[in-house]
Amino acid sequence: MEWWMSMPKVELHAHLNGSIRGSTLLELARALWDKGLIDFSQVEHVILKNDHMTVTRIANEVVEDFASEKVVYLELRTTPKKNDSQGMSKRSYVEAVLEGIRSVSSVDVALIPYTEDPRNLLESPATNDKCDGNSRKKIFVRLLLSADRRETTEATMETVKLALEMRHLGVVGIDLSGNPKVGKWYVNLSRTLA
Ligand SMILES: [Zn+2]
1 MEWWMSMPKV ELHAHLNGSI RGSTLLELAR ALWDKGLIDF SQVEHVILKN
51 DHMTVTRIAN EVVEDFASEK VVYLELRTTP KKNDSQGMSK RSYVEAVLEG
101 IRSVSSVDVA LIPYTEDPRN LLESPATNDK CDGNSRKKIF VRLLLSADRR
151 ETTEATMETV KLALEMRHLG VVGIDLSGNP KVGKWYVNLS RTLA
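Under the UniProt record's numbering, the sequence shown is numbered contiguously, ending at residue 194.
Written out as structure tokens, the structure is:
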């Protein structure tokens, strides 16, 4: 196990909300449960009921945790969430995620824009050797926005446009998620794009 932990790793498909730190998930679920907002069979809905600060915290911890397992390159994907009760739009959700990634302090984070060829990153060392002899870990992070097949074409287009607009901030692409047998937006979407 120690050997595995010490190896530099590349993570190409991590679900942001599937990677929530266990202790954080319990803490958030307990707080929502105390308010009567969820019961424990709905722990997976924790993320849907939380505010920007929590989204930022989750993203921050997820990057920290991957870095602590010596992941040096991380592609995170997440479905932008709209939550009127929290004044949350898809855009503000993604901004909160990016804020969390940027605010990691235990490790140097490089949010890589879409223009950068990941092969160039291989040249960069995963550890920065500082003059004082201390070395700090470094992790390269990229974000993909996910469109759930249950969404309407309109909602999906909103996510696609958001990804395009935020491509200089570390958003590099679109991920398709959910049940592949559900919905037909891909037909409508290809028509819209054509
Ligand atoms: Zn997936």
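From the three backbone atoms N, C-alpha and C, an ideal C-beta is built for every residue, glycine too.
If residue i and residue j are in contact, beta carbons under 8 Å, what's the gap, nearest whole angstrom?
i, j, result
"V141", "V109", "6 Å"
"V55", "V97", "6 Å"
"T78", "N17", "7 Å"
"G100", "I38", "Not quite, the Cβ-Cβ distance comes to about 22 Å (not below 8 Å), so this is no contact."
"L76", "A14", "5 Å"
In terms of residues, what are the limits of the beta strand (DSSP E) holding residue i?
i, result
"T115", "Per DSSP, T115 belongs to no beta strand (DSSP E) and is neither H nor E."
"S177", "V171 to S177"
"V10", "K9 to H15"
"E151", "No beta strand (DSSP E) contains E151, which DSSP labels as neither H nor E."
"L76", "V71 to T78"
What does the alpha-carbon distance come out to for the pair residue i and residue j?
i, j, result
"D129", "V107", "Reliability of the predicted coordinates at D129 is poor, the pLDDT of 46 falling under 50, and the value obtained from them is presented with this limitation in mind. Near 13 Å, if we compare the C-alpha coordinates of V107 and D129."
"G133", "E2", "Model confidence at G133 stands at a pLDDT of 49, short of 50, so the residue's coordinates are unreliable and nothing is read from them."
"L12", "V71", "10 Å"
"K49", "D34", "13 Å"
"T156", "L162", "10 Å"
"T153", "R30", "35 Å"
"P113", "N60", "18 Å"
"G170", "Q42", "31 Å"
"D117", "R102", "20 Å"
For residue i versus residue j, is the C-beta distance shorter than 8 Å?
i, j, result
"H52", "M88", "yes"
"L74", "I20", "no"
"D148", "G178", "yes"
Please name the residue in the options whose C-alpha comes closest to that of residue i.
i, options, result
"P180", "R150, E11 and G173", "R150"
"D65", "K49, D39 and G22", "G22"
"R167", "M157, L143 and T152", "L143"
"L176", "G100, S146 and R57", "S146"
"E158", "K90, Q42 and L37", "K90"
"P8", "L28, G170, L169 and E69", "E69"
"M5", "E27, N120 and A67", "A67"
Along the chain, where does the alpha helix (DSSP H) that runs through residue i open and close?
i, result
"V62", "H52 to S68"
"R102", "K90 to R102"
"residue 210", "The structure shown does not extend to residue 210, since the chain is modelled only from 1 through 194, so no value can be given for it."
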